[in-house]
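For the sequence shown, the UniProt record's numbering begins at 1 and goes up steadily by one.
Yeah, the Cβ is synthetic: ideal placement off N, Cα and C, and Gly gets one too.
Keep in mind that this is a model prediction, so the values were computed, not measured.
Take a look at the structure below.
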Amino acid sequence: MENRLNYYKIERDEWSNFYQEHIVPLTEEELLNLKSLNDQISLKDVQDIYMPLVHLLRIHLDSHQELQDSQSEFLGVKAQKVPFILGIAGSVAVGKSTTARLLQSLLSEVYPDKKVQLITTDGFLYPNQELKRRNLMERKGFPESYDMRRLLRFVNDVKNNLPAKAPVYSHKVYDIVKGQYETVERPDILIVEGINVLQLPTNQQIYVSDFFDFSIYVDAEESLIEEWYLERFETLLDTAFKDPTNYYYPYAIGDRKQAIKMAKNIWKTINLKNLREFILPTRNRADLIMHKTNNHVVNELFLRKY
1 MENRLNYYKI ERDEWSNFYQ EHIVPLTEEE LLNLKSLNDQ ISLKDVQDIY
51 MPLVHLLRIH LDSHQELQDS QSEFLGVKAQ KVPFILGIAG SVAVGKSTTA
101 RLLQSLLSEV YPDKKVQLIT TDGFLYPNQE LKRRNLMERK GFPESYDMRR
151 LLRFVNDVKN NLPAKAPVYS HKVYDIVKGQ YETVERPDIL IVEGINVLQL
201 PTNQQIYVSD FFDFSIYVDA EESLIEEWYL ERFETLLDTA FKDPTNYYYP
251 YAIGDRKQAI KMAKNIWKTI NLKNLREFIL PTRNRADLIM HKTNNHVVNE
301 LFLRKY
């Protein structure tokens, strides 16, 4: 990845030295339960990459509340707790979910007195029935396939300490689960993970990320992301054949070569197109870019200067 304007480029070894306590509040088993299907991550990665990141977030968390208190004093109003929102963006299959779940776990350990919640923007996709009505099933994951007004209202409610409900999306059935919601109520920290969190919604004048206090973009070369996408697809096939209700079941019991051929076509015509046109252009809106190389190893980071 080339040097970027307005970012400090930090190699892995240098970044790891920013945290000297060498305490990792996770076991191997706990880490295994947090990682996505084909993501590769070790306790060494947690120590070298994620613990320094947690301590950087501590700085932002402290200054966030100080600013809220000072602004309330300026306005002559009673100071209130304002949730800290962390956004995590990046391509399909790049490892956003692992990063989000791991940070939720680590922040909960570091701040045992704080309520740390996580939602994904998958829940704000239109249901398949609505996507079909709009002729958008082949554009699922593209900006127009999300109910961005609803997502904006959700993060606005969270910031204002109002009860907020996020629809639940199931990757098993590849659709919104009707009638199921995840309630987010007065969190201290909310992590919002999704491919679209740094995008400007169509016909809107506000970004979802305008509500963020810190944002991360998980990055990798296109060829690697495609490799990880196909690895994940095959892993899904290896388990879906046991469950006829699983979206991937027909592909799991069918011709494996044909299924992989279909997955390659989906990557090329949908996911890669979405990455190039709508996801990657948002990379430079992030406060931190985590760049991965082979085996999901984070080899360098780019931290926004100003």
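Where Q104 falls: helix, strand or coil (DSSP): helix
For H171 and G123, the rounded distance between their alpha carbons: 10 Å
Where M1 sits in the DSSP three-state scheme: Only weak support is given to the placement of M1: the predicted model assigns it a pLDDT of 45, under 50, and the question is left unresolved by the model.
Cα-Cα separation, D45 to K264: 30 Å
Alpha helix (DSSP H) segment containing R149, residue limits: 148 to 159
G179 burial status per 10 Å Cβ neighbour count (16 or more: buried): exposed
First and last residue of the uninterrupted beta strand (DSSP E) at L136: From DSSP, L136 is part of no beta strand (DSSP E); its letter is neither H nor E.
Assigned secondary structure, S72 (DSSP; H/G/I helix, E/B strand, else coil): helix
T120, enclosing beta strand (DSSP E) - first and last residue: 116 to 120
Status (buried if at least 16 other CB within 10 Å, exposed otherwise) for L5: Looking at its Cβ environment, which holds fewer than 16 other Cβ atoms inside 10 Å, L5 is exposed.
CA nearest to the CA of F154, picked from I289, L43, T121: T121
Pair within 9 Å by beta-carbon distance, V116 and I41: no
For I189, the three-state DSSP class (helix, strand or coil): strand
Residue from I88, F212, E66 whose Cα sits closest to the Cα of A100: When only C-alpha atoms are compared, the closest one is I88.
Buried or exposed by the 16-neighbour rule on C-beta atoms within 10 Å, applied to V197: Counting of Cβ neighbours within 10 angstroms places V197 among the buried residues, the total reaching 16 or more.
Cβ-based burial, I206 [other Cβ within 10 Å; buried from 16]: exposed
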